[in-house]
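J.:
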Amino acid sequence: MSRRLTAIALGLLLALAMGLLSWVWARPATVVRVLMPAPFADATADLVATFNRAHRDVRIAVTRGPFETDAVSDLAISSLLLGDSPYDLLLMDVTWTAKYAAAGWLEPLDPWLGPEALEPLVTGARAGNRIDGRLYRLPLVADMGLLYWRTDLMAAPPRTPDELVAIARALQQQGKVRWGYVWQGRQYEGLSCVFVELISGFGGQWGPGEAGVGLASPAAARAAGWLQQLVNEGISPRAVANFAEPEALQSFEAGEAAFMRNWPYAWQELQRPGSAVAGRVGITTMVAEPGAAPAATQGSWGFSLLSGSPHPETAVTVLRALTGEASQRRLVSRYGYTPTLQHLFDDPELVAERPQLPQLRQALDQAVLRPLNPGYAQLSDILQRQLSALISGRGEAATAMARAGRESDLLLRASGQEVGR
Amino acid sequence: MSSLLLMAPALLLLLAVFVWPLLDYAWLSLQAQSVFTGLETVPVGAANWQRLLADGRFWQDAGQTLRFALVSVALELVAGLAIALLLHQRWRGRGTVRSLALLPWALPTTVMALGWRWIFNDPHGPLNGVVQSLGLATVPFLASPDLAWVATVVADVWKTTPFVALLLLAGLQMIPADLYEAFALEGGTPWQGLRRITLPLLRPYIFIAALFRLAQALGVFDLIAVLTGGGPASSTESLAVYAYLNAMRFLDFGYSATVMLGMFLLLLLGAAALLLWRRQAEVGA
Amino acid sequence: MRGGTRTALVALLLLWSLGPMLWQLYTSLRTPEALLAGAGGLAGGWTLANYGAVLGGDPPFWRYLLNSTVVGALSTLLTLALAIPCAYALSRRRGLLRLLVGGGLLAAAVFPYVLLFLALLQVARQLGLANSLLALCLPYAGLQLPLAVLLLQAAFAELPPELEESAVLEGFSLWQRLRWILLPLMGPAVVSTGLLVFLFSWNEFPIALTWISRSELLTLAPAMARIAGSSVYTVPYGAFAAATVLGSVPLLALLLLFQRQIVAGLTQGAIKG
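Protein chains in written order, with this note's numbering: chain H, 3 to 423; chain R, 100 to 384; chain V, 509 to 781.
1) Is the distance from the Cβ of Leu-37/H to the Cβ of Gly-67/H below 8 angstroms?
2) Whole angstroms are fine: how far does the CA of Val-289/H sit from the CA of Ser-390/H?
3) Going by beta-carbon coordinates alone, are Val-179/H and Ala-260/H separated by less than 8 angstroms?
4) Find the residues of chain H that neighbour Val-325/R, judging by a C-beta separation of less than 7 angstroms, and give them in chain order.
5) Look at Ala-212/R and Leu-326/R and say whether their C-beta atoms are less than 8 angstroms apart.
6) Alpha carbon to alpha carbon, what distance is there between Pro-222/R and Ala-242/R?
7) Measure the C-alpha to C-alpha separation of Ser-277/H and Asn-264/H and round it to an integer number of angstroms.
8) Under a CB-based cut-off of 8 angstroms, is Gln-368/H close to chain A?
9) If we count the other Cβ atoms within 10 Å of its Cβ and call it buried at 16 or more, is Trp-376/R buried or exposed?
10) Check each candidate in Phe-625/V, Phe-706/V and Leu-682/V and name the one with the smallest Cα separation from Gln-652/V.
11) If we count the other Cβ atoms within 10 Å of its Cβ and call it buried at 16 or more, is Ser-681/V buried or exposed?
12) With a cut-off of 8 angstroms, does the C-beta of His-223/R fall near any C-beta of chain V?
13) Quick one: list the residues of chain H neighbouring Arg-156/R, beta-carbon separation under 7 angstroms, in chain order.
14) Mind checking whether Ala-591/V and Ala-656/V have CB atoms under 8 angstroms apart?
15) Can you name the residues of chain V whose CB is closer than 8 angstroms to the CB of Ser-80/H?
16) Could you check whether Val-242/H and Ile-384/H sit closer than 8 angstroms to each other, using their CB atoms as the reference points?
17) Considering only their Cβ atoms, is the gap separating Leu-310/R from Leu-246/R smaller than 8 angstroms?
18) DSSP has Ser-133/R in a bridge; who is on the other side?
19) By a C-beta neighbour count over all protein chains shown, 10 Å radius and 16 as the cutoff for buried, is Ala-268/H buried or exposed?
20) Using the C-alpha atoms, what's the distance from Ser-171/R back to Leu-199/R?
21) I'd like the span of the beta strand (DSSP E) that includes Trp-151/H, first residue to last.
22) Counting only the same chain and skipping the five closest in sequence on each side, list residues whose C-beta sits under 7 angstroms from that of Arg-171/H.
23) Scan the stretch 127–148 of chain R for residues whose Cβ lies nearer than 8 angstroms to a Cβ of chain H and list them as they occur along the chain.
24) Determine whether the Cβ of Ala-350/R lies closer than 8 angstroms to any Cβ atom of chain H.
25) Rounded to whole angstroms, what is the Cα-Cα separation between Trp-494/H and His-345/H?
26) Counting Cβ pairs, one atom from each stretch, are 3 or more of them under 8 angstroms apart for the stretch 259–273 of chain R and the stretch 298–305 of chain R?
27) Please report the residue range of the alpha helix (DSSP H) in which Arg-600/V lies.
28) Report buried or exposed for Leu-520/V, applying the criterion of at least 16 other Cβ atoms within 10 angstroms of its Cβ.
29) Consult DSSP for Trp-190/R and reduce its assignment to one of helix, strand or coil.
30) Could you have a look at Ser-243/R and say whether DSSP puts it in helix, strand or coil?
31) Under a CB-based cut-off of 8 angstroms, is Pro-647/V close to chain R?
32) Buried or exposed for Thr-742/V, please, with buried defined as at least 16 other CB atoms from any protein chain shown within 10 angstroms of its CB.
33) By Cβ distance, which residues of its chain are closer than 6 angstroms to Pro-341/H, with the 5 residues on each side in sequence left out?
34) Anything in the stretch 172–196 of chain H with a Cβ closer than 8 angstroms to a Cβ of chain R? List those residues in chain order, please.
35) What do you get for Val-740/V, buried or exposed, if any count of 16 or more other CB atoms within 10 angstroms of its CB means buried?
36) Kindly indicate the opening and closing residues of the beta strand (DSSP E) around Phe-69/H.
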């Protein structure tokens, strides 16, 4: 009897010990949930797997969001509005930061990353991450507007709008190209990106704090007028009014045009075997009037920490790992993304793989931001609407820009914001 | 008194769901409550309404919504009448056909909007399959503003024509058959019968169907949200979609309420015009 | 009309109504390769994998169907519980109140309810009603009350008043009269009203979209939209199509079973309204 009892007691003890041990060994890992647009979720999949293998106590769970960037934001907002976010980290476009920060959905990163968090970054990638002096976002990859030009048709790229038109017209008259310049003229965010670097090139600036958000200005009128002139004079095709990135790329890749405005991703596409211009393409910054600095619209994706996160410290560890050097190096060499860490641009190994890196860095040094404003999406819509009308041949540039400025002012006033001057 | 008691629970819920929101919008449209204010409420007077009057997108969407509603409801009435006439005749299998034809109306709009997106897909959808087999270049149905608009109308007509057909069928069944017999004896052709007997007697039903459908079509949301998302370049965007975007994407609740109330006022105007038209039609008849 | 023409027209009608559905069915059974390859070759490329993908997703597709069924059933019960007494009382009243309430109900029944979603969203945020299937039944019942009351009060009005008068003489209470005399006669009207309410709640989109964010609680309509939004440039349309087919089957069954009642409900609305 007692032997049996002892056996039972021993067995129970053993079970208890095993249970304890297994609890210690297999302590449930802290799960950090990250929402990313689908392309980034795919590109970072092996990085995430490596991280999960190396860390016993932390696990990254990536939600593969929609392809369309707006749809990703919709998904996050619908849960954040109801005060019930299932995510810790969110990979955000640069234009969302102000909106999310103003809504109180982001946790400042300064306490964890310190005041020098942005120091290792290339200058152009630093902007757009701080709102009211607080760091809300750490960029993963950079993106900027570039002017692509044909090295076989000219010795050097144009530096001013007039030069661009002159070279393009000459080449068209010689019958070497059908079109001079292709860019993004469809009514969508890409059109605002085209415009923001151009208004800088004409000596102006688009942003709240200026009268008419900078649109009721001679610079804006000249920039918009130049775009209209490109279409009217046949330098750009009429169809540019419905061009997004793929259409512009298609036309340039077929050798139809002398210049193209596009993002860095186009480089790799243009070097493919099927391309008519492979090896005959150069990149530089957008043209600017004499006296004004050339500019490149900055676009970038970066991670933010959502306020509802139950374990912010672990989430920041993950944020560090995902934006760190190993991660960026891989994204550059494997997928051709543009890094944000300064020293990667000088890395001999990477430069050997991606010879365009130095030029990309130059362009990033000239980066200009779209307005950092919680209402950016509406401001951009107002601008796109007027530009689109101009490009499709309706209206006059100065009037249209003045109207866009007025509508923007009304928007800011209705939102309880101060309107500049 | 007890009858009021019986009605009270239902009336309270109705007030909460229909009247409270409109009052809430009236108040909210005079406030800034948006991401600009950290989602706090700040009174701004008539600023939202000034913005609405100058907002090109609101007026463009209003025009688009009206055009969508008028064209699709007109097509639905014509197609619905034809289907009702067909289903009104006696033939074998009529009951089965009637319930099968009702299927598009019964399905959730989002389900078939997704289906239509595949049908209009460029280049893999079946419609482009037909286009390609004719040796033509594929058509970007959902990427060109004009074609995308046509696509939304087609999908809407497909979905709601059965509803219109049923209402008109109910009307047809109220018309006594001997009217037609007498008309035929006097030598009238079926076509004349349609114009001289059917249409005049069907007028109240046509009016009801048009009223219901116009109200629903002016508030179109599900179909556009899933089929085109309002694009390209907001060319298919309806007012309801714009109001939704203002709230959920731009986080501007004050202005979203203003857009909604603006849309409500336009609807009231439309309803008044319709009633006036009906009265005149009755006087004329 | 001659028989041949009519047969052709009926075939055209069925093709128009069912063609898109049948195309979904076809798409759902094809492999991605077969879909991208175009028209050629019906011999190979058939698969059930699309259904496997949809049913094995996270959450599995049947979850959305279940959520929609729960919301549909509860909303229908709630609507009927509120609408029947109201319709009865309304049908027994005369005068200004009846006119006012009747007119208000008619206006509300026609009202495009999508206009209400923002205020309802604010209510959900303030009262903590978000992400609850039970709470979702409240706005649904409210939105369907106008139609339900109008349909039911028309049916009440058709019952002969003598029936109730004799019951009063025999000492039946109000509740007893409703329960034992009137409601049994109202069966068809209640069923067709209930079916319309169920269909509405099953299909409703904007409010479900804004009240529910957790994916395991989504009803069918917003779930479909989320599936649509999550892959624009890819072509996994086989899986989309499988989802549309699965989402349609319950309604097809409902329609075939209750065709008569649904049609009666719809046409009643037109004749009485």
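Quick reminder that beta carbons are idealized off the backbone N, C-alpha and C, glycines included.
Please read these numbers as outputs of a predicted model, since none were measured by experiment.
T.: Reading from the atomic positions:
1) The count along the first sequence starts at 1 and reaches residue 37/H at position 35. The count along the first sequence starts at 1 and reaches residue 67/H at position 65. Cβ distance < 8 angstroms, so Leu-37/H and Gly-67/H count as in contact.
2) One-based indexing of the first sequence puts residue 390/H at position 388. One-based indexing of the first sequence puts residue 289/H at position 287. Their Cα atoms are separated by approximately 21 angstroms.
3) Locating residue 179/H in the first sequence gives position 177, where the first residue counts as 1. Locating residue 260/H in the first sequence gives position 258, where the first residue counts as 1. Yes, Cβ-Cβ distance for Val-179/H and Ala-260/H is below 8 angstroms.
4) Position 226 of the second sequence, counted from the first residue, corresponds to residue 325/R. Within chain H, no residue comes near Val-325/R; the closest Cβ sits about 12 angstroms away, beyond 7 angstroms.
5) Position 113 of the second sequence, counting from 1, holds the residue named residue 212/R. Position 227 of the second sequence, counting from 1, holds the residue named residue 326/R. Result yes, Cβ atoms of Ala-212/R and Leu-326/R sit closer than 8 angstroms.
6) Here the question's residue 242/R lines up with position 143 in the second sequence. Here the question's residue 222/R lines up with position 123 in the second sequence. One C-alpha to the other measures close to 12 angstroms.
7) The residue given as residue 277/H occupies position 275 in the first sequence. The residue given as residue 264/H occupies position 262 in the first sequence. Their Cα atoms are separated by approximately 16 angstroms.
8) The structure shown contains no chain A; its protein chains are H, R and V.
9) Taking the first residue of the second sequence as 1, we reach residue 376/R at position 277. Exposed.
10) Within the third sequence, numbered from 1, the residue matching residue 652/V stands at position 144. Answer by Cα proximity: Phe-706/V.
11) Numbered from its first residue, the third sequence carries residue 681/V at position 173. Under a 10 Å Cβ-count criterion, Ser-681/V is classified as exposed, with fewer than 16 other Cβ atoms of the shown protein chains found around its own Cβ.
12) As a first step, residue 223/R is located in the second sequence; it is residue number 124 there, counting from the start. Yes, contact with chain V.
13) For this step, residue 156/R is matched to residue 57 along the second sequence. The answer, in chain order, is Asp-383 and Arg-387.
14) Numbered from 1 along the third sequence, position 83 holds the residue referred to as residue 591/V. Numbered from 1 along the third sequence, position 148 holds the residue referred to as residue 656/V. Yes, these two residues count as a Cβ contact at 8 angstroms.
15) The residue you call residue 80/H lines up with position 78 of the first sequence. By Cβ distance, chain V contributes Leu-717, Thr-718 and Ser-721.
16) Working through the first sequence from its first residue, we reach residue 384/H at position 382. Working through the first sequence from its first residue, we reach residue 242/H at position 240. Annotated as distal: Ile-384/H and Val-242/H, with beta-carbon spacing of 8 angstroms or more.
17) Within the second sequence, numbered from 1, the residue matching residue 246/R stands at position 147. Within the second sequence, numbered from 1, the residue matching residue 310/R stands at position 211. Cβ atoms of Leu-246/R and Leu-310/R: not closer than 8 angstroms.
18) On the second sequence, position 34 is the one that residue 133/R refers to. Partner(s): Asp-351/R.
19) Taking the first sequence and counting its residues from 1, one reaches residue 268/H at position 266. Classification of Ala-268/H: buried, given that the 10 Å Cβ count is 16 or more.
20) For the purposes of this step, residue 199/R is taken as the residue at position 100 of the second sequence. For the purposes of this step, residue 171/R is taken as the residue at position 72 of the second sequence. Those two C-alpha atoms are separated by around 22 angstroms.
21) By 1-based counting over the first sequence, the position of residue 151/H is 149. That run of the beta strand (DSSP E) goes 148–152.
22) Within the first sequence, the letter at position 169 stands for residue 171/H. These residues qualify, in order along the chain: Gly-182 and Ile-237.
23) Residues Ala-131, Ser-133, Val-134, Phe-135, Thr-136, Gly-137, Leu-138, Val-141, Val-143, Ala-146 and Asn-147.
24) As a first step, residue 350/R is located in the second sequence; it is residue number 251 there, counting from the start. Correcting the residue identity first, residue 350/R is Leu in this sequence and not Ala. With 8 angstroms as the cut-off, Leu-350/R counts as an interface residue toward chain H.
25) This structure cannot speak to residue 494/H, because chain H is shown only from 3 to 423.
26) yes
27) As a first step, residue 600/V must be located in the third sequence, where it is residue number 92. Boundaries cannot be given for Arg-600/V, as no alpha helix (DSSP H) includes it and DSSP labels it neither H nor E.
28) Taking the first residue of the third sequence as position 1, residue 520/V is located at position 12. That one is exposed.
29) Looking up residue 190/R in the second sequence gives position 91. Trp-190/R: coil per DSSP, three-state reduction.
30) As a first step, residue 243/R must be located in the second sequence, where it is residue number 144. The answer is coil: DSSP assigns Ser-243/R none of H, G, I, E or B.
31) By one-based count along the third sequence, residue 647/V stands at place 139. Yes, contact with chain R.
32) Indexing the third sequence from 1 puts residue 742/V at position 234. With a pLDDT of only 47 at Thr-742/V, under the threshold of 50, the placement of this residue in the model should not be trusted; the figure read from the coordinates follows. Exposed: under 16 other Cβ atoms inside 10 Å.
33) In the first sequence, the residue the question calls residue 341/H occupies position 339. Excluding sequence neighbours, Pro-341/H sits near Gln-330 and Val-334.
34) Considering only beta carbons, the part of the stretch 172–196 of chain H lying closer than 8 angstroms to chain R consists of Arg-188, Gln-189 and Tyr-190, in chain order.
35) Counted from its first residue, the third sequence places residue 740/V at position 232. Since pLDDT at Val-740/V reaches only 39, below the 50 mark, its modelled position is unreliable, and the value read off the structure follows with that caveat. Exposed, since its Cβ has fewer than 16 Cβ neighbours within 10 Å.
36) Taking the first sequence and counting its residues from 1, one reaches residue 69/H at position 67. It is not in any beta strand (DSSP E) - Phe-69/H carries neither H nor E in the DSSP assignment.
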